[in-house]
Every structure is written in C-alpha cells, then in structure tokens.
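By the count of the UniProt record's numbering, the sequence shown reaches residue 137 at its end, each step adding exactly one. Using N, Cα and C, we set each Cβ at its ideal position, and we do this for glycine too. A short worksheet on the structure shown next.
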Amino acid sequence: MTPAKEFEAYFDDPDIPEQHLAQLQRVRQFVHEIYPDITERVAYAMPGFYPVEGKKATETLLFVMAQKNWLGIYALPEFNVAYQDFLTAEHLQMGKGSIQVPYDYPEDKLRTLVGKIMLYNLKRFHFNVPATTLQFA
Numbered sequence: 001m002t003p004a005k006e007f008e009a010y011f012d013d014p015d016i017p018e019q020h021l022a023q024l025q026r027v028r029q030f031v032h033e034i035y036p037d038i039t040e041r042v043a044y045a046m047p048g049f050y051p052v053e054g055k056k057a058t059e060t061l062l063f064v065m066a067q068k069n070w071l072g073i074y075a076l077p078e079f080n081v082a083y084q085d086f087l088t089a090e091h092l093q094m095g096k097g098s099i100q101v102p103y104d105y106p107e108d109k110l111r112t113l114v115g116k117i118m119l120y121n122l123k124r125f126h127f128n129v130p131a132t133t134l135q136f137a
C-alpha cells in the first residue's frame, strides 16, 4: 500500500509523468467547478473530495489516483453498477469501485464522467444538488 502524503503532494509529485499529473489536476479542477463546496483530504492513501456539509468520513464524492497506465477514479461500487452501460460504452475498464481512465481520455468526456459520479454520490448521500450539477443527469 502506498503511504499517505499531504493532499497537495499528489498533484505536484515530480515522480509522476507530466501527462498523468495534468489529467489528475483536471479532475481536481472539474470537481471544484462542478461543486465548489468541497473539502479536500487524504483517505486510504488517496486524495478525496467531500462535500463541506458532510459529517462522515464515508461521505466521499470520489477519490482519484495516478496509476502507472491509467488514472484511477474511485467512485464506489454502487456507481459502477448503476452506470455500467455508460462506462462500458465509454470503453472504460472497471474494478470493484474503481474506474480506469486512460491518460489520453478526452477532457470533455472526463468532465462528464466526474460530473456523473459527483451527482450520483450527492444524491446518494442526500446532499444539496446545485443546478450546475444537474446537467450530468
């Protein structure tokens, strides 16, 4: 298991190739654009994004991690089940609760994926869903 680092260290790690860091940073940017009331913190040795109003450590919207061959987005297994057809149509590989996103995955599709994950988890945890997030329904 990878040891946990400070949150910022995941987004400017000199050991991660530039293309991989760029995709990781895009996810972070999209999260903040889609749902600005976010708290960032490390859990499970990965950077995670939580609604400010969340009180439980389990109320994560998503985790993200740069892997060697793909960007790992950890949305929880329930999302992968609910959106299996969408993920399959996008040719994305899945593990239990993980989505393997190629580093050359188009930016607009990545934003849509992040938006769908966030909308799903905001609803799942009964958080306020801003109008800007509803476009991903």
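(request) In the DSSP assignment, find the unbroken alpha helix (DSSP H) run with glutamate 78 in it and report its ends. (result) Membership of glutamate 78 in the alpha helix (DSSP H) is indicated by the continuous run 77-82.
(request) Find the nearest neighbour of methionine 65 within the set Asp108, Ala9, Lys55, Leu87, judged by alpha-carbon distance. (result) If we check each option's Cα against that of methionine 65, Ala9 comes out closest.
(message) Between the alpha carbons of threonine 39 and tyrosine 83, how many angstroms are there, rounded?
(response) Cα to Cα, the separation comes out at about 25 Å.
(message) Rounding to the nearest angstrom, what Cα-Cα distance links glycine 72 and glycine 54 in this structure?
(response) Using only the alpha carbons, I get a separation of about 23 Å.
(request) Taking valine 64 as part of the beta strand (DSSP E), name the residues at either end of that continuous run. (result) Secondary structure note for valine 64: its beta strand (DSSP E) is the uninterrupted segment 62-66.
(request) Tell me whether isoleucine 16 sits in a helix, a strand or coil according to DSSP, three-state version. (result) Here isoleucine 16 carries a coil assignment [DSSP, helix/strand/coil].
(request) Could you have a look at valine 8 and say whether DSSP puts it in helix, strand or coil? (result) Before going further, note that residue 8 is glutamate rather than valine in the sequence given. Looking at glutamate 8 - three-state DSSP - the assignment turns out to be helix.
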